[in-house]
Amino acid sequence: MPFMPVKFNLQKRVKLAQGLWMIYWLSVIVGILLFSLGIFFKIELRKRSEMMDNNESHLVPNLLILVGLLACGVNAFGGKVCHDSLDPIKFAKWKPMLKPFLLLCCGFNALLLLTALLCFLMQFAVYLTLAEGLKNSIKFYKDTDTPGRCFMKRTLDLTQIEFRCCGNNNFRDWFEVQWISNRYLDMSNDLVKDRVLSNVEGKYLMDSVPFSCCNPGSPRPCIQHHLTNNSAHYDYDHRIEELNIWTRGCREALFSYFSSMMTSIGVLIIATIILESVDMAGLKYLTTALETMEDPENPECESDGWLLEKGVKETFGDLLAKLKTLGKTNQVVEGGDAPEAAN
Amino acid sequence: MALMLIKFDMKKRVKLAQTVWFMYWFAVMAGVLVFSMGLFFKIELRKRSELMDNNESHFLPNLLILMGLVACGINAFGGKVCYDSLDPSKFVKWKPMLKCFLMVCVGFNALLLVTALLCFLMRIPLQFTLAEGLKNGMKYYKDTDTPGRCYMKRTLDLMQIEFRCCGNDNFRDWFEIQWVSNRYLDFSAKEVKDRIGSNVDGQYLMDGVPFSCCNPSSPRPCIQLQMTNNSAYYSYDHYTEELNVWKRGCRDSMLSYYGGLMNTIGLLVVLVTMLEVAVTIGLQYIDSSLSTLVNPEDPESESEGWILEKTVKETFTDIMDKMKSMGKGSKVDEGGEAAVATVS
Numbered sequence: 001m002p003f004m005p006v007k008f009n010l011q012k013r014v015k016l017a018q019g020l021w022m023i024y025w026l027s028v029i030v031g032i033l034l035f036s037l038g039i040f041f042k043i044e045l046r047k048r049s050e051m052m053d054n055n056e057s058h059l060v061p062n063l064l065i066l067v068g069l070l071a072c073g074v075n076a077f078g079g080k081v082c083h084d085s086l087d088p089i090k091f092a093k094w095k096p097m098l099k100p101f102l103l104l105c106c107g108f109n110a111l112l113l114l115t116a117l118l119c120f121l122m123q124f125a126v127y128l129t130l131a132e133g134l135k136n137s138i139k140f141y142k143d144t145d146t147p148g149r150c151f152m153k154r155t156l157d158l159t160q161i162e163f164r165c166c167g168n169n170n171f172r173d174w175f176e177v178q179w180i181s182n183r184y185l186d187m188s189n190d191l192v193k194d195r196v197l198s199n200v201e202g203k204y205l206m207d208s209v210p211f212s213c214c215n216p217g218s219p220r221p222c223i224q225h226h227l228t229n230n231s232a233h234y235d236y237d238h239r240i241e242e243l244n245i246w247t248r249g250c251r252e253a254l255f256s257y258f259s260s261m262m263t264s265i266g267v268l269i270i271a272t273i274i275l276e277s278v279d280m281a282g283l284k285y286l287t288t289a290l291e292t293m294e295d296p297e298n299p300e301c302e303s304d305g306w307l308l309e310k311g312v313k314e315t316f317g318d319l320l321a322k323l324k325t326l327g328k329t330n331q332v333v334e335g336g337d338a339p340e341a342a343n
Numbered sequence: 344m345a346l347m348l349i350k351f352d353m354k355k356r357v358k359l360a361q362t363v364w365f366m367y368w369f370a371v372m373a374g375v376l377v378f379s380m381g382l383f384f385k386i387e388l389r390k391r392s393e394l395m396d397n398n399e400s401h402f403l404p405n406l407l408i409l410m411g412l413v414a415c416g417i418n419a420f421g422g423k424v425c426y427d428s429l430d431p432s433k434f435v436k437w438k439p440m441l442k443c444f445l446m447v448c449v450g451f452n453a454l455l456l457v458t459a460l461l462c463f464l465m466r467i468p469l470q471f472t473l474a475e476g477l478k479n480g481m482k483y484y485k486d487t488d489t490p491g492r493c494y495m496k497r498t499l500d501l502m503q504i505e506f507r508c509c510g511n512d513n514f515r516d517w518f519e520i521q522w523v524s525n526r527y528l529d530f531s532a533k534e535v536k537d538r539i540g541s542n543v544d545g546q547y548l549m550d551g552v553p554f555s556c557c558n559p560s561s562p563r564p565c566i567q568l569q570m571t572n573n574s575a576y577y578s579y580d581h582y583t584e585e586l587n588v589w590k591r592g593c594r595d596s597m598l599s600y601y602g603g604l605m606n607t608i609g610l611l612v613v614l615v616t617m618l619e620v621a622v623t624i625g626l627q628y629i630d631s632s633l634s635t636l637v638n639p640e641d642p643e644s645e646s647e648g649w650i651l652e653k654t655v656k657e658t659f660t661d662i663m664d665k666m667k668s669m670g671k672g673s674k675v676d677e678g679g680e681a682a683v684a685t686v687s
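Residue numbers (the working numbering), protein chains in the order written: chain X, 1 to 343; chain G, 344 to 687.
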């Protein structure tokens, strides 16, 4: 008893082939979309790799690029087969390849599922990398004369401006590091000496933040120095002042950006899996409809199409039996060799 | 003697019709492109209209949008005519309209050329609008509590950050206006009173700039206040310090941005004009070749196609004669009526 049989006449077969051809071309476009999203994601990770200690994993974008290219190839081939299916002569040369092709499509769908799963799971890795990377970025902010780190200040400033955030968890992270290079500190000044001596590590700490933390939406000019000293500024209370500098931390801002990107890509991949399954079902119907024509010479005859030749349980049982016989054949061959060797 | 005469047989006519149909669809897409460029330009002007005193001229983007829509319509119609030209029965219903349509096309092409020219010329009024608007923008920077101007500070800050510029001509423009609101000045402090007393207008002027002028590429944390006072900071010389704040003025940056945008759009419109001229010529060839069939009943017969039926001079004199005769015709009518009136 075939699984989900459908009767086909010539008109239905032609309609199926045409519809399937269009769906295959749509899938090619979706494949191109996946490829370009993979490239976009890779570029975004590269742009902010300094914030992540140059340590971020490029597994997901690379996998996306590969999957996108594979999707294009597989679907283009499928579209070609559909296009030729209406002409029996052309279809005859594709016929032997179809079974392996359908198995390949199954494998490809499994790969897509794996990619979608990774998109959702790798967000944790991104979060941890960001936390570590931002902490180091803030530490290296002042090292504008150290080769390899001289652009950290600019990158961090531009990130804070673009993502509207300040510090790692919040702006107080800046109070705990020295973010002014020693080259610009007058070490002979009493004030500077007091500050440097006031903590164990000899760092020049202050309750100030860089200018990139400033919020342009604030009604008053930005207060970045002496943030916790209410008397240093007229009519200023740091406990209730909300619009002065960005209150969000950069780890949260960057993570929400990347996680929303990865979630959307994951959803798109799931939609692609559904589309590919529809493609496979359509192709299976088309090939079975063309194989079971009652009179091969007469293109107008009726035929049957199905998804599986027997029911789901029987097909599954058949597969298992085949696997078992493969295993047994090996054993029998070994046993056959052994007696011969003994003789 | 026709202008640029070409002999056509059936195959050539079919090829011509197909090519011109293809080009017409390309031209429809070009029309869509012109429409979207007009829309984009309009949005960009709207985004920054606060900085131009809400006074900027939307003439050019509106014209581009109109041209794009008209181009789509005309080219779609032309494509339909080309498609039908291979079938004599369908072509018959389009034939009477073709001469008028070709005239309309020629007029439209001239209008496109004018639009391209405007794209290059409208830079000049824009320059004046920007200069005026930015000056006022900076003046109203501190008025974050005045309705209608409360977002000027934010707009100006975001613009200076995005375009990497400071002030109108340069950062010293900020030294000449009060950009700190009076609400945040302690009028009982001696320093504030001194500064206000030191100038005629009673403004709190200082040699400082807002934070949005800061250059993130500077190796040292941004120095925005007391900029001309070398002794206020360690190892600081304001004459040689280059990376601290943005050096460029915002009028220059915005003008170069909008100027570049308008130049690109102008160039695109010139290319679209050339495409339109090509399809108009193609349609004229199709029309003339289908009108001069040696044997009207036999579609396989030979025919001739041209751009103008007579030479340029003769066509021109023909048009002048026609216009004169039209003028004389109305005069004769009036004279005839007057004679009839007097006779009766």
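All C-beta atoms, glycine included, are put in the ideal place defined by N, C-alpha and C.
Cross-strand partners of residue i (DSSP beta bridge)
i, result
"C557(G)", "V588(G)"
"D369(X)", "Residue 369(X) is absent from the structure shown; chain X starts at 1 and stops at 343."
"F351(G)", "S646(G)"
"I245(X)", "C214(X)"
"L59(X)", "The partner list for L59(X) (beta bridge, DSSP) is empty, contrary to what the question assumes."
"L651(G)", "L346(G)"
Distance between residue j and residue i (C-alpha atoms, nearest Å)
i, j, result
"Y285(X)", "C425(G)", "41 Å"
"S644(G)", "F91(X)", "42 Å"
"N298(X)", "D641(G)", "40 Å"
"S574(G)", "G266(X)", "57 Å"
"Q546(G)", "Y484(G)", "14 Å"
"V449(G)", "L464(G)", "23 Å"
"G202(X)", "Q123(X)", "38 Å"
"G133(X)", "R46(X)", "13 Å"
"G679(G)", "G670(G)", "For G679(G), the predicted structure reports a pLDDT of 49, less than 50, and the residue's modelled location is therefore unreliable. A value from the coordinates is still provided. Going by the C-alpha atoms only, they are around 14 Å apart."
"N343(X)", "K324(X)", "Any reading at N343(X) is ruled out, since the residue's pLDDT is 46, under 50, leaving its predicted position unreliable."
"L412(G)", "G374(G)", "7 Å"
"R248(X)", "F211(X)", "15 Å"
"G31(X)", "L283(X)", "18 Å"
"L70(X)", "S85(X)", "22 Å"
"R389(G)", "F402(G)", "13 Å"
"P147(X)", "Y582(G)", "27 Å"
"E399(G)", "L611(G)", "23 Å"
"T472(G)", "H233(X)", "37 Å"
"E584(G)", "A532(G)", "32 Å"
"A131(X)", "R251(X)", "6 Å"
"G305(X)", "G311(X)", "14 Å"
Proximity test, Cβ basis, 9 Å: residue i and chain X
i, result
"L477(G)", "no"
"R538(G)", "no"
"Y547(G)", "no"
"Q569(G)", "no"
"I504(G)", "yes"
"W522(G)", "yes"
"A565(G)", "It is Cys, not Ala, that sits at residue 565(G) in the sequence shown. By this cut-off, C565(G) is an interface position."
"S631(G)", "no"
Residue-level contact to chain G via CB, residue i, 9 Å cutoff
i, result
"G217(X)", "yes"
"P147(X)", "no"
"D53(X)", "no"
"W246(X)", "no"
"Y49(X)", "Checking the sequence shown, residue 49(X) turns out to be Ser, not Tyr. Not an interface residue."
"Q224(X)", "yes"
"S303(X)", "no"
"H233(X)", "yes"
"K284(X)", "no"
"Y204(X)", "no"
"C150(X)", "yes"
Item to check | Runs of alpha helix (DSSP H) wholly within the segment 193 to 232 of chain X (minimum 4 residues, chain order) | outcome: none
Item to check | Continuous alpha helix (DSSP H) assignments of at least 4 residues falling wholly in the segment 511 to 588 of chain G | outcome: 533 to 540
Item to check | Contact residues within the segment 161 to 177 of chain X, judged by C-beta distance below 7 Å to chain G | outcome: I161
Item to check | Complete runs of the beta strand (DSSP E) confined to the segment 371 to 444 of chain G [at least 3 residues] | outcome: none
Item to check | Interface positions of the segment 483 to 512 of chain G facing chain X (Cβ-Cβ less than 8 Å), listed along the chain | outcome: T487, D488, C493, K496, R497, D500, L501 and I504
Checklist entry - At which residue ranges does the segment 459 to 509 of chain G contain complete alpha helix (DSSP H) runs of 4 or more residues, listed in the order of the chain? => result 466 to 482 and 495 to 506
Item to check | chain G contacts made by the segment 111 to 137 of chain X, where a contact means CB separation under 8 Å | outcome: none
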